[in-house]
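Chemist: Per this note's numbering, the sequence shown starts with residue 6, numbered consecutively.
Yeah, the Cβ is synthetic: ideal placement off N, Cα and C, and Gly gets one too.
Computed from a predicted structure; not experimentally measured.
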Amino acid sequence: MLTAPRRRALYALATNARVESAVRSTGPTTDLAYRAASRYVAGRTLDEAMGTVRRLAAAGFAVSLDLFGEGATDEAAVQHVAQGYRAAAAAVADVDADVYLEIVPSNLGLDLGLDTCRRYVDEIVAVLPAGTRLEISAEESDRTPRIMELTTRLAADGVPVLATVQANLRRSPDDVDRLAAAGVPVRLVKGAYLEAREVAYPWGEPTDVAFLQLARRLGEAGGDVVLATHDPVIREALRYWMRRVAEAQGG
6 MLTAPRRRAL YALATNARVE SAVRSTGPTT DLAYRAASRY VAGRTLDEAM
56 GTVRRLAAAG FAVSLDLFGE GATDEAAVQH VAQGYRAAAA AVADVDADVY
106 LEIVPSNLGL DLGLDTCRRY VDEIVAVLPA GTRLEISAEE SDRTPRIMEL
156 TTRLAADGVP VLATVQANLR RSPDDVDRLA AAGVPVRLVK GAYLEAREVA
206 YPWGEPTDVA FLQLARRLGE AGGDVVLATH DPVIREALRY WMRRVAEAQG
256 G
């Protein structure tokens, strides 16, 4: 498990534009970085990624497809990203499986305005295959209010969205209540961004406890929840709780 200082150092390294530029400056360093990240990256092109999607689908897995990147700062960059998402949305139509398309709001113009972002999202939704859910990614806490607004507006307009909620954020109990009341499914994650203590719980046990509490809160509210964690302790604790709930309900 990462200590807090190591986590901060790795986060700073991973989000450093100069480091990224240096890695991308030559073919060998780019290939080396890709090999190191290949466990987490489906492919460097859409065709490569769709090959991974099809293999996972054939093995019986549900799949979420996303394009890496966030924080597009000008209209031209947003247009390029939106074009990539539209191509991905069209590609998943050929997969006979449970496939989600995940979008990152800040990469679709969220920082240029909520209406701008919504316009590009609507273009993606227009080519999204029937039955495919649109997964809305979580980002830094200063973007969370706008992402919540985008998500609930989309849901109110009948778009099949899946919200992502970060357990470490102190605001998340109110957010999951709002989403559950709106009938929006929730993908619950621990939260990867470094946040101020007044905004988020520290990494480790406080965040783990918050994750468990939010999962139970959603379950008791009758919400549809996806538990996005590799943590075996959390996983087994929630499986035990779900068994107890099923037994109490006579299931």
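Using 10 angstroms around the beta-carbon of S30, count the other beta-carbons present and answer buried if the total reaches 16, otherwise exposed.
Modeler: Along the sequence shown, read from residue 1 onward, the residue named residue 30 stands at position 25. The residue is exposed, with fewer than 16 neighbouring Cβ atoms inside 10 Å.
Chemist: What do you get for R192, buried or exposed, if any count of 16 or more other CB atoms within 10 angstroms of its CB means buried?
Modeler: Residue 192 sits at position 187 when you count from the first residue of the sequence shown. With 16 or more other Cβ atoms from the protein chains shown falling within 10 Å of its own Cβ, R192 counts as buried.
Chemist: Can you give me the C-alpha to C-alpha distance between E241 and G196, rounded to a whole angstrom?
Modeler: One-based indexing of the sequence shown puts residue 241 at position 236. One-based indexing of the sequence shown puts residue 196 at position 191. Looking at the two C-alpha atoms, the distance is approximately 20 Å.
Chemist: Report yes if the C-beta distance between N173 and Y125 is below 8 Å; otherwise report no.
Modeler: Locating residue 173 in the sequence shown gives position 168, where the first residue counts as 1. Locating residue 125 in the sequence shown gives position 120, where the first residue counts as 1. Cβ distance not < 8 Å, so N173 and Y125 don't count as in contact.
Chemist: Considering just the uninterrupted stretch of the alpha helix (DSSP H) at L215, what are its terminal residues?
Modeler: For the purposes of this step, residue 215 is taken as the residue at position 210 of the sequence shown. The sequence shown places Ala at residue 215, rather than the Leu named in the question. Bounds of the alpha helix (DSSP H) holding A215 are E210 to E225.
Chemist: Which residue wins for smallest C-alpha separation from L184, given the options A63, L133, E200 and L167?
Modeler: Your numbering for residue 184 matches position 179 in the sequence shown. For the residues A63, L133, E200 and L167, the minimum Cα distance to L184 belongs to L167.
Chemist: For M153, tell me which candidate among R59, D182, A201 and A93 has the shortest Cα-Cα distance.
Modeler: Working through the sequence shown from its first residue, we reach residue 153 at position 148. Considering only alpha carbons, the answer is D182.
Chemist: Does the separation of the CB atoms of P110 and C122 fall below 8 Å?
Modeler: As a first step, residue 110 must be located in the sequence shown, where it is residue number 105. As a first step, residue 122 must be located in the sequence shown, where it is residue number 117. For P110 and C122, yes; Cβs fall inside 8 Å.
Chemist: Using 10 angstroms around the beta-carbon of F66, count the other beta-carbons present and answer buried if the total reaches 16, otherwise exposed.
Modeler: Against the sequence shown, residue 66 aligns to sequence position 61. Under this definition F66 is an exposed residue.
Chemist: Can you give me the start and stop residues for the beta strand (DSSP E) that Y105 sits inside?
Modeler: One-based indexing of the sequence shown puts residue 105 at position 100. Unbroken beta strand (DSSP E) run through Y105: V104 to I108.
Chemist: Figure out for me which residue from L117, A64 and V189 has the closest Cα to the Cα of R158.
Modeler: As a first step, residue 158 must be located in the sequence shown, where it is residue number 153. Checked all of L117, A64 and V189; the closest Cα to R158 is V189.
Chemist: Would you decide whether Y90 is buried or exposed? Buried here means 16 or more other CB atoms lie within 10 Å of its CB.
Modeler: As a working note, residue 90 is residue 85 in the sequence shown. Classification for Y90: buried.
Chemist: Go through the stretch 49–108 residue by residue and report every complete run of the beta strand (DSSP E) that reaches 3 residues or more, in order.
Modeler: 68–71 and 104–108
Chemist: Three or more beta-carbon pairs under 8 Å between the stretch 78–86 and the stretch 37–53, yes or no?
Modeler: The stretch 78–86 makes no contact with the stretch 37–53, as fewer than three CB pairs between them are under 8 Å.
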